[in-house]
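Before any comments, here is the structure.
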RNA sequence: GGGCUUGUAGCCUAGUCUGGAAGGGCGUAAGACUCCUAAUCUUAAGAUCGAGGGUUCAAAUCCCUCCAAGUCCGCCA
């Protein structure tokens with residue numbers, strides 16, 4: 168609806184300018200005034216024209232005002248100083264808006280463009296920790312946003328099976344006799360499943376401690392510990408490093424099927440744990456792409472040879488790409504002196520492959536990868552391939568410093584999730600002693616996960632985060648209050664008797680809307696926000712940022728809560744109109760949360 | 001040393017690309033449940049937009065200098 172309104176206002180302005188014989192600027196700026204009392208749309212066109220026309224902005228505004236005609240969707244247009252402010256006619260606008268909001272509200276028209284989006288791609292040498300979570304949450308939310316904005320999106324997790332880190336894990340298992348206990352990891356999974364279905368045993372949170380030690384049994388956690396031990400060993404036995412190098416060489420050469428199997432199993436085991444964690448956060452990748460294949464199928468060599476052919480490489484002890492001509496001082500090493508490939512080279516082959524799969528390649532990367540990906544992009548340009556668009560994010564650090572799988576210093580995502588759900592459960596139990604254990608668990612899950620995802624996606628990615636439990640897991644005014652607004656709407660609709668809770672469908676026709684309904688201020692605030700949703704989707708997708716969605720859904724929930732508090736719905740004279748408004752607000756909140764991968768509880 | 005990012009009320013943050021009316025939230029103070037769930041709502045106080053200079057009718061936004069924090073500059077990934 169707002170798209171329509173905007174165009175309407177633009178047409179009115181253009182006609183006025185035409186009548187005045189003023190030049191029409193290509194890009195007439197329309198913005199939302201800071202305060203709804205100043206109108207619904209505003210333009211600063213008079214400022215834009217002032218210089219060219221050599222007139223004061225005030226005079227331009229008054230001459231436009233004398234010539235402007237507006238359609239009936241607007242109530243009036245006013246000059247406030249040099250600004251020109253449009254006011255919507257809410258009596259007609261509201262009806263049209265409510266009618267236009269369907270279950271898939273916010274979904275924009277399909278664009279004929281495919282995006283290959285790579286995110287998370289954490290090394291399979293341990294569990295995901297809260298440093299990785301930003302990548303995963305931004306990536307997944309972006310996928311949801313871009314899909315809703317009409318793109319076809321394919322998400323990929325790039326699996327690093329060839330690096331030194333995996334070789335170290337294999338080294339630990341083969342040469343140091345370290346092992347992972349699959350029985351224990353199975354038990355861990357079984358325990359989780361039991362805890363969910365067997366409520367009678369779950370009398371207290373007494374077994375909190377054993378829960379935590381259970382987490383150590385989760386398979387990716389076991390691998391993380393193994394990796395940590397190998398690191399300590401190698402650090403004090405530098406001479407053994409060569410053995411790790413030999414493992415890398417052997418795996419890369421595909422010399423032994425047995426060895427391949429060990430590598431693959433280690434990676435797969437860890438990945439199993441990582442996938443469980445991601446699924447718990449509502450994150451599912453379309454594809455897992457193993458980097459090893461690019462070495463095995465000769466693509467890495469092809470890329471290297473292609474770069475040699477460009478004449479920008481030099482070969483001394485190692486083969487490297489000189490990018491100084493392109494403004495990058497640092498050269499990119501393409502091949503180790505022992506002939507094996509490096510991460511960046513394999514990444515290059517991977518990016519080349521991705522660029523053949525879609526119209527746009529999109530990467531989510533920590534800002535520490537900036538130089539590396541710039542080099543890769545440059546190399547791709549040399550090869551006449553598309554270079555990726557990259558969303559960079561800054562780090563999440565602990566108050567005591569940065570995290571490291573290698574040093575075993577980190578908070579795992581599993582730990583964070585457990586804690587979040589625990590805290591949520593505490594709150595739910597405080598408020599709802601009428602619910603059964605299953606319901607409480609379900610709601611706690613939704614709230615806990617919501618708190619985490621919201622905490623990450625509300626911030627713009629280039630903001631550095633120092634992780635503090637209480638900030639990350641606040642339930643006051645955080646995501647929970649948004650979910651609460653949704654639950655309230657559902658409850659209200661359920662009570663009216665015309666709402667099918669299982670299908671989430673309200674059975675009231677638009678012609679039931681009372682004739683004398685003209686929205687009051689609280690209703691107008693809510694209507695305005697509902698109407699804005701598609702614009703927010705469009706603009707956020709345009710800049711590939713998800714944090715505007717987080718801000719938006721909070722404003723929306725806040726407007727709903729305000730409305731809920733101040734206006735009676737059931738039994739009032741304009742019940743049908745208000746019920747429809749509640750229902751459309753519900754849909755909009757739900758769809759906004761969906762973009763952030765947060766579920767909208769029916770009750771809480 | 002060089003590159004990149006960040007600096008907006010006690011705290012967290014949007015706005016910076018494309019200059020035009022400093023927007024949220026937490027916390028604080030006062031108030032609101034015999035009425036659809038108070039994880040809510042109302043009202044108030046709180047900002048030399050890191051510092052300094054420049055461009056402009058107009059600067060949080062553009063340019064220059066400086067300060068502080070983070071990060072990169074590996075035959076690691």
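Numbering (the numbering used here), first residue to last: 168 to 771.
Glycine included, every Cβ here is placed at the ideal spot set by N, Cα and C.
Round the Cβ separation of residue i and residue j to the nearest angstrom and send it over; I've been treating them as touching at under 8 Å.
| i | j | result |
| --- | --- | --- |
| residue 284 | residue 234 | In fact, because the Cβ distance is near 48 Å, the residues do not count as touching under 8 Å. |
| residue 566 | residue 630 | Not really, about 16 Å apart at Cβ, beyond 8 Å. |
| residue 654 | residue 768 | 5 Å |
| residue 463 | residue 421 | 6 Å |
| residue 692 | residue 726 | 5 Å |
| residue 261 | residue 686 | 5 Å |
| residue 824 | residue 649 | A query on residue 824 cannot be resolved here, the shown segment of the chain reaching from 168 to 771 and no further. |
| residue 252 | residue 298 | With 8 Å as the limit, residue 252 and residue 298 do not qualify as a contact, their Cβ atoms being about 46 Å apart. |
| residue 470 | residue 515 | 5 Å |
| residue 312 | residue 707 | 6 Å |
| residue 859 | residue 586 | Given that the chain is displayed from residue 168 to residue 771, the structure contains no residue 859 and the question cannot be resolved. |
| residue 192 | residue 215 | 5 Å |
Can you tell me whether residue i is buried or exposed, with buried defined as 16 or more other CB within 10 angstroms of its CB?
| i | result |
| --- | --- |
| residue 601 | exposed |
| residue 619 | buried |
| residue 174 | exposed |
| residue 504 | exposed |
| residue 710 | exposed |
| residue 452 | buried |
| residue 201 | exposed |
| residue 771 | buried |
| residue 387 | buried |
| residue 334 | buried |
| residue 643 | exposed |
| residue 538 | exposed |
| residue 406 | exposed |
| residue 519 | buried |
| residue 198 | exposed |
| residue 521 | buried |
| residue 288 | buried |
| residue 366 | Confidence is the limiting factor: at residue 366 the pLDDT is only 44, short of 50, which leaves the residue's position unreliable, though a coordinate-based value still follows. So residue 366 counts as exposed. |
| residue 739 | exposed |
| residue 301 | buried |
| residue 733 | exposed |
| residue 735 | exposed |
Quick check on the DSSP output: the beta strand (DSSP E) that includes residue i runs from which residue to which?
| i | result |
| --- | --- |
| residue 502 | 499-502 |
| residue 323 | 319-326 |
| residue 246 | 241-247 |
| residue 251 | 250-255 |
| residue 482 | 480-482 |
Assuming contact is defined by CB atoms lying nearer than 9 Å, are residue i and residue j in contact in what I supplied?
| i | j | result |
| --- | --- | --- |
| residue 662 | residue 748 | no |
| residue 760 | residue 673 | no |
| residue 723 | residue 696 | yes |
| residue 705 | residue 209 | no |
| residue 607 | residue 447 | no |
| residue 272 | residue 336 | no |
| residue 294 | residue 385 | yes |
| residue 500 | residue 487 | yes |
| residue 382 | residue 581 | yes |
| residue 703 | residue 730 | no |
| residue 169 | residue 699 | yes |
| residue 433 | residue 390 | yes |
| residue 559 | residue 536 | yes |
| residue 632 | residue 564 | yes |
With respect to the alpha helix (DSSP H) encompassing residue i, which residues constitute its N-terminal and C-terminal limits?
| i | result |
| --- | --- |
| residue 556 | That residue, residue 556, is in no alpha helix (DSSP H); its beta strand (DSSP E) goes 556-560. |
| residue 646 | 646-663 |
| residue 437 | 424-447 |
| residue 337 | 331-342 |
| residue 399 | 386-403 |
| residue 461 | 459-463 |
| residue 755 | 742-762 |
| residue 306 | 300-315 |
| residue 416 | 408-420 |
Pairs of beta-carbons, one from the stretch 521-540 and one from the stretch 484-491, closer than 8 Å: are there three or more? no
Mind the definition here: the stretch 537-557 touches the stretch 472-485 only if three or more C-beta pairs lie below 8 Å; say whether that holds. yes
Inter-stretch contact (C-beta, 8 Å, three-pair minimum) for the stretch 225-234 and the stretch 182-200: yes
Would you be able to state if there are at least three C-beta pairs under 8 Å between the stretch 326-341 and the stretch 430-450? yes
Is the stretch 300-309 touching the stretch 340-360, taking contact as three or more C-beta pairs under 8 Å? no
Indicate whether the contact test is met: 3 or more Cβ pairs, each with one atom in the stretch 448-461 and one in the stretch 401-415, closer than 8 Å. no
Three or more C-beta pairs closer than 8 Å, one from the stretch 579-595 and one from the stretch 674-681: is that the case here? no
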